[in-house]
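Encoded as C-alpha cells, the structure appears first; notes follow it.
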Amino acid sequence: MGRHSMRKIVASLTAFTALTAAASAADLPRRAYTPPPPPVPVFTWAGPYFGINAGYITTTKDSVTTAGVFPFNDGVLVGNRPAAQALPRDGFTGGGQLGYNYQFTPGSGFVVGAETDLAYTDLSRTRSATGRLGGISTFRQLGNFLGTVRGRVGYAFDRTLVYGTGGFAYASETYRGVFQTANGQPNFYGSSARVETGYAVGGGIEFALPTDSVFNVFHSNAVTVKGEALYYDLGRRTVPLVAVGPGVGAYAARFRNEGVLGRFGLNYKFGS
C-alpha cells in the first residue's frame, strides 16, 4: 500500500471519528432552562377608594338645660320647669365614604390620606316632665345625618393598616321645646333646625382582602374591611322658648351635640 493511500485512510478515519463524536454529543440530553420565579407582588395602600359603612351611634352629653330670660320667668326656680332634662339618643348609622391614601414605601410603612363620609343617623328623642305646679315641659332633639372631612395617618404592616384620624364634622339637627300649663295649654314654644359644625377624632384598623375575594364586585385592585370609632363634638345650641297663649316673657333651652360612633366599613381601592 502506498504512502498516498495510507494518508487517505488516516484522513477518512479521522473524519469518521469526528462525525461520530458530534452525533453522540447531539444525542446527549440537554440541560433544561429553569426561568426565575416571578416576583411576589408587594401590596400598597396607595390610591383612591370608595366604600360603605354601618354601625351604632350614641350621644355622650345629652341633657337640656333651661333658664328663665326675665326675673318673672321663675318656673325653674319654683320647680315647675326642669333645670336639666336628660335627652339620651342612640341608634343606627350607615352611609358611604370616599378617600385617597399615599404610602411612603410599599409593603410596610407610613400611610397618609384624606377621607370624607356622609351617613344617616337615627338620633331622635322626645321627653316630657311634669313640674311641681303641674306645668308640662317637653323637649325634642332630632339628628338625621352626620358627615366628616378628615385626615388619616397610620402605619401599614403589609396588608394591615392601623390609623388615627381627625378633622371637620357637620350634622343636621332639629331642636324643639314646648312648655304647657297644667291643663295642656302651650304658653312657651321654640324650635330650630340647622346644620351644626364641629370636629371629629378617632382611629381604626383596616385589613386588605385577597383581590379575588367574593366581595370584589367592582373588580378593584383591592377590597379592604375596617373597624372604626369616632368621637364628635358639634358644640351647643341655645333655643329661645318665647311666650305664646297665656305665657309672658321667654325661657332659653340649651341643647348639646356630642357623641361617639362605632362602625364597620368595606372599601374598594383602585390605582396602584
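Residue numbers for the sequence shown, in mature numbering (1 follows the signal peptide of the UniProt record, and there is no 0): -25 to -1, 1 to 247. Even glycine gets a Cβ: it sits at the ideal position worked out from N, Cα and C.
Original post:
From the beta carbon of SER83, is the nearest beta carbon of chain B less than 8 Å away?
Top reply: Among the protein chains of the structure shown there is no chain B, as only one such chain exists.
Subject >> Local Cβ density within 10 Å of TYR130, reported as buried at 16 or more and exposed below that >> reply: For the purposes of this step, residue 130 is taken as the residue at position 155 of the sequence shown. When all chains shown are included, TYR130 counts as exposed.
**OP:** On the DSSP bridge assignment, give the partners of ALA21 in chain order.
**Re:** Position 46 of the sequence shown, counted from the first residue, corresponds to residue 21. For ALA21, which the question treats as bridged, DSSP gives no partner whatsoever.
**OP:** Classify THR186 as helix, strand or coil using the three-state DSSP reduction.
**Re:** The residue labelled residue 186 in the question sits at position 211 within the sequence shown. THR186: coil per DSSP, three-state reduction.
**OP:** In angstroms with no decimal places, state the Cα-to-Cα distance between VAL198 and TYR31.
**Re:** Counting from 1 along the sequence shown, the entry for residue 198 is found at position 223. Counting from 1 along the sequence shown, the entry for residue 31 is found at position 56. Each residue's alpha carbon lies about 23 Å from the other.
Original post:
Based on Cα-Cα distance, which residue from GLN72, ALA59, PHE79 and SER147 lies nearest to ARG102?
Top reply: Mapped onto the sequence shown, residue 102 falls at position 127. When only C-alpha atoms are compared, the closest one is ALA59.
Original post:
Are at least three pairs of beta-carbons, each pair with one atom in the stretch 168 to 188 and one in the stretch 140 to 152, less than 8 Å apart?
Top reply: The answer is yes - the stretch 140 to 152 touches the stretch 168 to 188, with three or more Cβ pairs under 8 Å.
Subject >> Where THR41 falls, given that 16 or more other Cβ within 10 Å makes a residue buried >> reply: What you label residue 41 is simply residue 66 of the sequence shown in a count that begins at 1. Under this definition THR41 is a buried residue.
Subject >> Coil, strand or helix - VAL51 by DSSP >> reply: Your numbering for residue 51 matches position 76 in the sequence shown. Correct three-state label for VAL51: coil.
Original post:
Looking at C-beta atoms only, is the number of pairs between the stretch 148 to 166 and the stretch 111 to 129 that lie closer than 8 Å three or more?
Top reply: yes
**OP:** Taking ILE180 as the reference, give the member of ASP49, ALA225, GLY139 and VAL214 with the closest Cα.
**Re:** Here residue 180 is taken as the residue at index 205 of the sequence shown, counted from 1. That would be GLY139, whose Cα lies nearest to the Cα of ILE180.
Subject >> 8 Å contact criterion, which ASN162 and GLY222 should meet: CB distance rounded >> reply: Here the question's residue 162 lines up with position 187 in the sequence shown. Here the question's residue 222 lines up with position 247 in the sequence shown. Contact holds; Cβ gap of about 3 Å.
**OP:** Out of VAL235, TRP20 and ALA29, state which residue places its alpha-carbon closest to the alpha-carbon of PHE79.
**Re:** As a working mapping, residue 79 is identified with position 104 in the sequence shown. Nearest of VAL235, TRP20 and ALA29 to PHE79, Cα basis: TRP20.
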